[in-house]
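Numbering (the UniProt record's numbering), first residue to last: 1 to 502.
Ideal placement from N, C-alpha and C gives every residue a C-beta, glycine not left out.
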Amino acid sequence: MPAEHEQRTWGLWIDGGWRPAASGRTFAVENPKDASVLAEVAEGGATDIDAAVAAAQRAFDGWSETPPEARARVMAKAAEILRGRMDEFVRIEVDQTGRARRELAAQLGRLPEWYEYFGALARTHEDTVPPFNGPFLNYTRRVPLGVVGHVTPWNHPLLILTKKVAPSLAAGNSMVVKPSELAPLTPLLLGEVLRDAGLPDGVYNVVPGFGADAGAALTRHQGIRKIDLTGGTETGKTVASLAGRNLTRFAGELGGKAAMVAFPGVAPQAVVNAALFASFVATGQTCVQGSRLIVHRSIHDAVVEELVTRTRTLRLGDPQDLRTQVGPLVSERQRAIVEKYVRIGQEEGATLAVGGRRPEGAAYERGYWYLPTVFTGVRNDMRIAQEEIFGPVVCVMPFDDEEEAIALANGTEFGLAASVWTEDVRQAHRVAHRMQAGIVWINDHHRIDPASPWGGFKMSGIGRENGIAAYHEYTQIQNVIVNLSSAPFDWFADDGAMKRYS
Ligand code: TXE
Numbered sequence: 001m002p003a004e005h006e007q008r009t010w011g012l013w014i015d016g017g018w019r020p021a022a023s024g025r026t027f028a029v030e031n032p033k034d035a036s037v038l039a040e041v042a043e044g045g046a047t048d049i050d051a052a053v054a055a056a057q058r059a060f061d062g063w064s065e066t067p068p069e070a071r072a073r074v075m076a077k078a079a080e081i082l083r084g085r086m087d088e089f090v091r092i093e094v095d096q097t098g099r100a101r102r103e104l105a106a107q108l109g110r111l112p113e114w115y116e117y118f119g120a121l122a123r124t125h126e127d128t129v130p131p132f133n134g135p136f137l138n139y140t141r142r143v144p145l146g147v148v149g150h151v152t153p154w155n156h157p158l159l160i161l162t163k164k165v166a167p168s169l170a171a172g173n174s175m176v177v178k179p180s181e182l183a184p185l186t187p188l189l190l191g192e193v194l195r196d197a198g199l200p201d202g203v204y205n206v207v208p209g210f211g212a213d214a215g216a217a218l219t220r221h222q223g224i225r226k227i228d229l230t231g232g233t234e235t236g237k238t239v240a241s242l243a244g245r246n247l248t249r250f251a252g253e254l255g256g257k258a259a260m261v262a263f264p265g266v267a268p269q270a271v272v273n274a275a276l277f278a279s280f281v282a283t284g285q286t287c288v289q290g291s292r293l294i295v296h297r298s299i300h301d302a303v304v305e306e307l308v309t310r311t312r313t314l315r316l317g318d319p320q321d322l323r324t325q326v327g328p329l330v331s332e333r334q335r336a337i338v339e340k341y342v343r344i345g346q347e348e349g350a351t352l353a354v355g356g357r358r359p360e361g362a363a364y365e366r367g368y369w370y371l372p373t374v375f376t377g378v379r380n381d382m383r384i385a386q387e388e389i390f391g392p393v394v395c396v397m398p399f400d401d402e403e404e405a406i407a408l409a410n411g412t413e414f415g416l417a418a419s420v421w422t423e424d425v426r427q428a429h430r431v432a433h434r435m436q437a438g439i440v441w442i443n444d445h446h447r448i449d450p451a452s453p454w455g456g457f458k459m460s461g462i463g464r465e466n467g468i469a470a471y472h473e474y475t476q477i478q479n480v481i482v483n484l485s486s487a488p489f490d491w492f493a494d495d496g497a498m499k500r501y502s
């Protein structure tokens with residue numbers, strides 16, 4: 001049988017298999033490079049969410065009681081199968097996001113490691129045995145939460161999902177995923193990988209559909225123990241408040257406005273190498289995008305000159321072509337947001353140094369193309385420096401001393417990531433420690449690993465992905481106290497004192 005995506009109509013993935021939506025409706029997924037329809041996908045709604053949650057509830061007991069080493073074996077097998085199907089996953093991920101193949105081949109190539117890392121964590125994590133006075137053994141167990149819900153975006157569809165799925169599985173949870181309506185294909189296809197790895201039916205379910213419908217139904221569902229969202233900050237507030245009504249746990253990896261801070265002594269070329277990547281990878285559509293380049297005045301002009309020149313040379317083109325460096329934006333809506341902010345930046349008095357328009361040429365007429373854009377002369381109180389644009393736009397700002405650089409970097413409501421560029425090791429750590437950001441890179445940007453905690457301060461979110469922190473966040477603690485004494489259980493002592501609680 002041809003793979004589902006070759007048939008161009010994809011179902012929901014529930015209880016270990018494909019099925020249509022209860023409503024029978026489908027929606028179109030586009031290829032952003034030319035706005036052609038890539039696939040029709042079943043449009044899930046509240047009824048389908050109910051079915052998926054019920055399947056996950058049925059599967060929970062079996063999976064949560066599966067010993068950690070057996071869970072780890074399934075996860076290792078999933079990693080192996082994913083490696084074997086990598087070309088297919090990369091091709092589909094490129095088609096549905098428009099992101100350059102060179103980026104996604106590198107990104108998806110690492111995802112099997114998440115299953116291996118979290119599988120190993122499930123095997124090795126120990127129950128703690130804190131000291132306790134008297135003849136007692138006191139220990140804690142980490143037990144899974146139950147059925148968890150993942151609401152995921154379109155910019156890194158499989159990476160972001162993997163960051164949530166791997167620790168959920170390792171800890172013994174079952175799950176329902178509501179992927180982005182713009183890029184649901186690889187999350188759906190992952191169902192086949194996990195099934196073939198031996199994951200019991202119903203542990204992993206995917207209901208594609210729209211945020212206000214399937215997403216809200218999942219968020220409100222009383223059978224869900226935790227909702228983990230990656231999306232915009234406004235969506236985060238809505239989802240967190242809906243979840244709060246049921247006291248459902250919430251984790252959110254939300255918006256960002258990451259600063260790259262470059263101190264004197266760093267070669268302008270090194271700053272520009274990094275900025276081209278940090279600002280334009282994923283066509284700027286990432287939550288840790290280096291959207292504010294804060295550069296010491298002594299190197300500012302040299303950095304700007306080289307940045308502008310090299311931004312002009314970035315190769316746009318067919319995202320499936322390995323030579324392509326920058327693909328289109330994901331949707332007409334996302335391009336309209338970028339165009340709006342470029343207008344705002346000009347009205348605010350920033351200087352448009354390069355880009356600021358759509359590329360010309362037949363290849364770019366359809367699809368959601370936009371040129372990499374650099375604004376100089378930006379003040380931190382401008383909207384382009386404060387609000388998440390989520391596109392290929394970088395704002396360059398000069399500074400004179402370390403205090404000013406720190407104030408500029410921290411001067412936003414967001415706090416996801418920052419990078420510090422310096423040759424001075426003391427300055428590197430001193431400044432890193434003062435960054436109000438959950439992730440700080442020194443002489444690097446946007447490096448990610450399954451072992452490194454990932455998440456935001458301030459309005460960038462709640463909770464952590466990756467690392468032991470993520471594993472813990474998919475568990476709840478059960479405390480077990482064992483009375484080792486064989487003395488009679490006496491509630492009242494002879495002298496009448498109440499001793500039981502002492
Ligand atoms: O994201 P949404 P959108 C930011 C970025 C972007 C903006 C809007 O600034 O311009 O958000 O992008 C689901 N109940 N980020 O509209 O809406 C939705 O269906 C339940 C940053 O694409 O936040 C999708 O699955 N679910 C971000 C997911 O939430 C709801 C990545 C994210 O979509 C819902 C993406 C609701 N009421 C955008 N409304 C990052 N942190 O990387 C929406 N959804």
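Heavy atom of the ligand SAM within 8 Å of residue i beta-carbon
i    : result
C287 : This structure simply doesn't include the ligand SAM; it includes the ligand TXE instead.
Closest by C-alpha distance to residue i, when choosing among the options
i    : options                   : result
R102 : S419, K237, R19 and V326  : V326
E398 : I299, N246 and P200       : Before going on, a small fix: residue 398 reads as Pro here, not Glu. Here the closest residue by C-alpha is I299.
R310 : P319, V354 and E360       : V354
N410 : G456, P144 and F375       : G456
P372 : E388, C395, M382 and E387 : C395
G356 : E339, E347, Y368 and A362 : E339
T162 : R312, Y204 and E69        : Y204
E99  : T286, G461 and V272       : The sequence given here has Arg at residue 99, not Glu. Closest option to R99, Cα to Cα, is T286.
V271 : R245, E305, N246 and T238 : E305
R315 : A302, E347 and P359       : P359
D424 : L408, P20, G415 and E402  : E402
T230 : L247, F489 and G461       : G461
H296 : P319, P268 and R312       : P268
F414 : V37, K178 and V288        : V288
V378 : E348, Q320 and R312       : E348
Spatial neighbours of residue i in its chain, beta-carbon cut-off 8 Å, leaving aside the 5 residues before and after
i    : result
G198 : R73, V74 and K77
G201 : Reading the sequence as shown, one finds Asp at residue 201 and not Gly. Excluding residues within five positions, the ones whose Cβ falls inside 8 Å are D15, G16, G17, A55, A59 and R195.
CB contact flag (residue i, residue j, <9 Å)
i    : j    : result
D228 : V151 : yes
S419 : V393 : no
T376 : A350 : yes
D95  : N155 : no
G290 : A259 : yes
Y364 : V330 : no
T412 : N380 : yes
T211 : V176 : A quick correction: the sequence has Gly, not Thr, at residue 211. No. Outside cutoff.
L307 : V374 : yes
P68  : R123 : yes
A46  : D213 : yes
G345 : L352 : yes
Cutoff 7 Å; reference residue i; Cβ partners in own chain excluding five residues on either side
i    : result
A451 : Y117, N466 and G467
L188 : W10, W13, V206 and P208
I406 : V431 and R434
L322 : R101 and R102
R464 : P453, W454, G455, A470 and E473
V281 : E103 and H446
L185 : H5, W10, V29, A39, I92 and Q96
G146 : F60, N173 and R225
T233 : L254, G255 and M459
E65  : none
Integer-rounded CB distance, given that residue j should sit under 8 Å from residue i
i    : j    : result
Q478 : K458 : Rounded, the Cβ-Cβ distance is 32 Å, inconsistent with contact.
V207 : A52  : 5 Å
A171 : Y471 : 6 Å
S174 : A56  : 4 Å
N138 : I384 : 55 Å between Cβ atoms; not a contact.
L121 : L158 : Not a contact, Cβ separation roughly 20 Å.
T422 : F263 : 4 Å
R71  : E43  : About 32 Å; that fails the 8 Å criterion.
T475 : V143 : 6 Å
Cβ shell of residue i (< 6 Å), same chain only, five flanking positions each side left out
i    : result
R342 : Reading off the sequence, residue 342 comes out as Val, not Arg. Excluding sequence neighbours, V342 sits near G356.
S241 : none
P135 : L484 and S485
F250 : I227, A240 and A243
L293 : M260, A275, V394 and V396
G317 : T324
A105 : V90
N246 : Q222
* Asked: Can you find at least 3 beta carbon pairs, one from the region 189–196 and one from the region 222–237, that sit closer than 8 Å?
  -> The answer is no - the region 222–237 does not touch the region 189–196, with fewer than three Cβ pairs under 8 Å.
* Cβ contact check for the region 79–89 and the region 33–41: 3 or more pairs under 8 Å -> By the C-beta criterion, the region 79–89 is judged not to be in contact with the region 33–41, since fewer than 3 inter-stretch pairs fall below 8 Å.
* Should the region 251–264 be called in touch with the region 383–393, which here means at least 3 C-beta pairs below 8 Å? -> Counting Cβ pairs under 8 Å, three or more are found: they touch.
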